[in-house]
Amino acid sequence: MTTLTWYGHATLGLETGGQHILVDPFFSGNPSATISPDKVKADFILVTHGHGDHVGDTVAIAKRTGALVISNFEIATWLGNQGVQTHGQHLGGGYRHPFGYLKLTLALHGSALPDGSYGGNPAGFLLTTNDGKKIYLAGDTGLFGDMKLIGEEGLDLAVIPIGDNFTMGPEDALRAVKLLTPKVVIPIHFGTWGLIDQDPAAWAARVEKETAARAVVLKPGEVFEF
Ligand code: NI
Ligand code: MN
Numbered sequence: 625m626t627t628l629t630w631y632g633h634a635t636l637g638l639e640t641g642g643q644h645i646l647v648d649p650f651f652s653g654n655p656s657a658t659i660s661p662d663k664v665k666a667d668f669i670l671v672t673h674g675h676g677d678h679v680g681d682t683v684a685i686a687k688r689t690g691a692l693v694i695s696n697f698e699i700a701t702w703l704g705n706q707g708v709q710t711h712g713q714h715l716g717g718g719y720r721h722p723f724g725y726l727k728l729t730l731a732l733h734g735s736a737l738p739d740g741s742y743g744g745n746p747a748g749f750l751l752t753t754n755d756g757k758k759i760y761l762a763g764d765t766g767l768f769g770d771m772k773l774i775g776e777e778g779l780d781l782a783v784i785p786i787g788d789n790f791t792m793g794p795e796d797a798l799r800a801v802k803l804l805t806p807k808v809v810i811p812i813h814f815g816t817w818g819l820i821d822q823d824p825a826a827w828a829a830r831v832e833k834e835t836a837a838r839a840v841v842l843k844p845g846e847v848f849e850f
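So for the sequence shown, my numbering puts the first residue at 625; every next one is plus one.
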């Protein structure tokens, strides 16, 4: 069984095969976070790109838990220099980790690190769990046509931003669902601040009317089981 918890903004907790995987662990300063970075469990941490609302509490949590941090090579190097255990990958490259096969995917965005260091190219993640579930985490991105190629892998779940301004907004996110054709889609990266406020229920209704996907809107702290 696999569960996904949304901690608000772009912060996710995946539990699969008994492993705890945190994605973009932004708790300190995240107004929708429902758990303290001192309490959250992590065996692995995935970081999509270098922005502060995604790198977040990675260093503190990795040091407390001993979690292995997986990101692009530039971010992995930057984190490694701070005493964190890392595994660097890059766009298009996959690796078999204990929790499944993880591939880095294209994302259209920036990736400068909080101290201004170069953070390489931003990424999304395509995870195939050990029991064969395909999960696409888009990261911060605009719409791109190659989402069709990602969809061809056969997605059980896609987690995509809908907040607009910094990422896809609702219109482009709906077009993304049409390219990705996932069984289930979960919207994130909205509502954290006024600038990215959206109506996720209205978006979900449009998704279910215009595509075959089921749209699941989580509240921060809520868990989706699949
Ligand atoms: Ni960003
Ligand atoms: Mn962001």
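Positions of the beta carbon are idealized from the N, C-alpha and C atoms, including for glycine.
Touching by the beta-carbon criterion (3+ pairs, under 8 Å), the region 750-762 and the region 822-834: no
So if DSSP puts G718 in a beta bridge, which residue, or which two residues, is it bridged to? K727
Count the other C-beta atoms from every protein chain shown that fall within 10 angstroms of the C-beta of P655, then say buried if there are 16 or more, exposed otherwise. exposed
With which residues is W811 paired in a DSSP beta bridge? The residue you asked about is not Trp; residue 811 is Pro in the sequence shown. Paired residue(s): I784.
For W817, which three-state DSSP category applies? Note: W817 maps to coil in three-state DSSP.
Below 8 Å, can you find three or more Cβ-Cβ pairs linking the region 683-691 to the region 705-712? yes
With a cut-off of 8 Å on the beta carbons, I'd call L629 and V847 a contact; round off their distance for me. At residue 629 the sequence reads Thr, which differs from the Leu that was named. About 5 Å; that satisfies the 8 Å criterion.
Is the separation between the beta-carbon of A634 and that of D764 shorter than 8 Å? yes
Residues surrounding the ligand MN [beta-carbon distance to nearest heavy atom under 7 Å]: A634, H675, D677, H678, D764, F790, T791 and H813
Taking 7 Å as the cut-off, does the CB of H711 come closer than this to any heavy atom belonging to the ligand NI? no
Sequence-distant residues of the same chain with beta carbon closer than 6 Å to A700, five excluded per side: T710 and G712
As a quick exercise: from G748, D770 and N754, pick the residue whose alpha carbon is nearest that of P785. For P785, the nearest C-alpha among the options comes from G748.
Under DSSP, the beta strand (DSSP E) around V647 begins and ends at which residues? Q643 to V647
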